[in-house]
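In the UniProt record's numbering, the protein residues as written are 1 to 763.
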């Protein structure tokens, strides 16, 4: 009220009401300005808030942008509209974790004997809003996609979905982990170190891929795509820098690094802003886990997926939850994560030389080291680097992907492609062959005997052995592959089946302004750059400018490496493994330009289908040891504890318990998505146990030790995370043992074991 001697004053309630009115007016004006300003920008609206406003989201929970939740501003205000139908799914594809050779290092002694992290197939489906066209991209935690694997997946998809998912619109890509089970190839060369065709391994991958596509198919929803790019630091080196230096100086000077340091990230949300998933493409070999490892795992890129999915699927166990994060391969052929570089393991001196050899011990002593204290630590560091960059790009992904879908595919006989280099010169590819330096291996995983990288001359001793056992390469093949000295003329070796594929997939899928080149092998850094540029120019020249062109590696069929013509001349490992000869890259560039041209001119239907690849009648041809009956020690039963846990631990310590075990292959062949272990915490309020970690967790390790007369032990480790909640815990082990019956049949019987309880205390 107004007094006679004083000015008018307001009550506290009146002041609050006035302030609220002013704030409402200000907010209304700001929103109206934003609304009309954004409508003038090509009729489009960037549905994220501006960077200036974004920091407030940490305090105002209802405007948080990047949590795994719905963006809270109304759809009417943000004019959120979908451009595509999106679906994503994840499914286990681990397979047998014991006795099966691990695929990647070609080391016959590197067989599985346990599990660090489960392997997953991650599927992403993008469809037009009218569902007239679809594209499927699958990234699987496997060494590479084999032709047999792809053909079996396509056959199952056709039986389920008819012509909806086909060879032209389904891309299957392997992450290239070197710690996954092998045995899923139909060509003879890959049997040598994989012990043949291993049906349980092949079936696990096929079924995992199919299930991930099924889940994605069943969960299609209207959504949007956003793309972003950025540099990943301190996570890669070129492992063949002397080959890279053979490329023209003018070409090399266009780039700041001898590796592709750029990550491309594709973000997926539904029309309400609900986060769905992402695909990241980055060129690095998943070989942080070296060739002494025997635990099945997805290596550094798998750890990046693990971190991202754990962050977005809060409260869920690893491998569970709707958010799917794939860290896919790219042109990683000459790219290593072992950033300390090559050193002689016996002397400690550098062996970064053209032949990667040491003064004492030769090439076998020259190995590259990762940034960590051991291979587990290096895997964690590189994986975390990749994850952190992906998270940063994800949170800043403002560029929207729009436009129609298209896909183009051909089967090509890569052993007989004519390549027109210019108006006067035409060259050809060769029948498959591997050079002497193939047997030398790389600084990430050395080879055998006295082979060295950079060999441009053969070795009479090994050549004579080859001639006697396998036959001498023809003069035509020798001349075609020069200067490669041929160790194995695989294109001329056909017993018991061809040793290498002739028929190869080439494929491009276009999602609006994004073109995914699905390549059937490992392109080196410069090879990938040339391919991307050639495809981009082809799109540009046919009226489709500003395409984002990426390379997806290890797709559809495995054909080893693809180097540039110049890199081929010095015959390091990657060049010796370029199986179709010195003009392989030129042939692929010609073929992929043709696919890009067909997409840009809408003439995909006119592309020749090409010769279909063969399917060999192999059966279950394997040298894997047979599954024998499991036995237990006297007065013990399966699952009994042999070595108990301690009563008390602190965070960062390691809990270890050993059980009477059985062959884990029993479980792989008789159960799907079987957990070998759980870590459980006791809840006092309900007097019950709850699983807090499983065998897909980074912090658990499952070791199987094979004994004699059918006996074996299982040791489980839990590396307690620093932020573990104090309380009472236990570890459980789950398995199957094989029991022979009197009628010469066998059954697989499930069992379990449980440790004593133990307490976790604070640091």
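By construction, the Cβ of each residue, glycine as well, lies at the ideal position given by its N, Cα and C atoms. Note that the structure is predicted; figures quoted are calculated from it, not measured.
State the DSSP-derived secondary structure class of residue 189, mapped to helix, strand or coil.
-> helix
Taking DSSP as the reference, what is the three-state secondary structure of residue 174?
-> strand
Mind pulling the alpha helix (DSSP H) runs of 4 or more residues that sit fully within the region 555 to 626?
-> 565 to 568, 573 to 576 and 584 to 600
Residue 658 and residue 643: beta carbons closer than 9 Å?
-> yes
What's the C-alpha gap between residue 97 and residue 252?
-> 43 Å
Nearest-angstrom Cα distance between residue 757 and residue 651?
-> 16 Å
Pick helix, strand or coil for residue 514, following the three-state DSSP scheme.
-> strand
From this set, 608, 152, 364 and 316, which residue's C-alpha is nearest residue 615's C-alpha?
-> 152
Distance, residue 345 Cα to residue 531 Cα = 37 Å
Return helix, strand or coil for residue 753, following the three-state DSSP convention.
-> strand
Among 85, 354, 186 and 320, which one has its Cα closest to the Cα of residue 145?
-> 186
Coil, strand or helix - residue 71 by DSSP = Interpretation of residue 71 is limited by its pLDDT of 36, a score under 50 that renders its predicted location unreliable; the figure taken from the coordinates is listed afterwards. The answer is coil: DSSP assigns residue 71 none of H, G, I, E or B.
Would you list, in sequence order, the uninterrupted beta strand (DSSP E) runs of no fewer than 3 residues that lie entirely inside the region 205 to 265?
-> 221 to 231
Near residue 683, which residues of its chain fall below 8 Å by C-beta distance, leaving aside the five closest residues on each side in sequence?
-> 689 and 690
Taking C-alpha atoms, which residue in 221, 125 and 695 lies nearest to residue 81?
-> 221
To the nearest angstrom, how far is it from the Cα of residue 231 to the Cα of residue 549?
-> 16 Å
How many angstroms separate the CA atom of residue 301 from the CA atom of residue 488?
-> 32 Å
What are the uninterrupted segments assigned as beta strand (DSSP E) that are 3 or more residues long and contained completely in the region 358 to 400, given in chain order?
-> 366 to 369
Determine the closest residue to residue 414 out of 388, 362, 559 and 605, with distance taken between C-alpha atoms.
-> 559
Can you give, in chain order, each stretch of the beta strand (DSSP E) that sits fully within the region 708 to 740 and has at least 3 residues?
-> 712 to 719 and 727 to 740
Exposure of residue 131, with buried meaning 16 or more beta-carbon neighbours within 10 Å | exposed
I think residue 728 touches residue 759, with their Cβ atoms under 8 Å apart; what is that distance to the nearest whole Å?
-> 6 Å
Find out if the Cβ-Cβ distance for the pair residue 356, residue 454 is shorter than 9 Å.
-> yes
Going along the chain, which residues of its own chain have a beta-carbon closer than 8 Å to the beta-carbon of residue 452, five neighbours each way excluded?
-> 355, 356, 357, 362, 363, 437 and 440
Mark residue 286 as exposed unless 16 or more other C-beta atoms lie within 10 angstroms of its C-beta, in which case mark it buried.
-> buried
Could you work out which residue in 178, 122, 475 and 521 is closest to residue 213 when comparing CA atoms only?
-> 122
Taking all protein chains shown into account, do 16 or more other C-beta atoms lie within 10 angstroms of the C-beta of residue 39, making it buried, or fewer, making it exposed?
-> With a pLDDT of only 41 at residue 39, under 50, the local geometry of the prediction cannot be trusted, and the value read off the model is given with reservation. Its Cβ having fewer than 16 others within 10 Å, residue 39 is exposed.
Quick one: give me the first and last residue of the beta strand (DSSP E) that residue 412 is part of.
-> 405 to 413
So what does DSSP say about residue 200, is it helix, strand or coil?
-> helix
Can residue 224 be considered in contact with the ligand SAM, in the sense that its beta carbon sits closer than 8 Å to one or more heavy atoms?
-> No copy of the ligand SAM occurs in the structure displayed, which carries no ligand at all.
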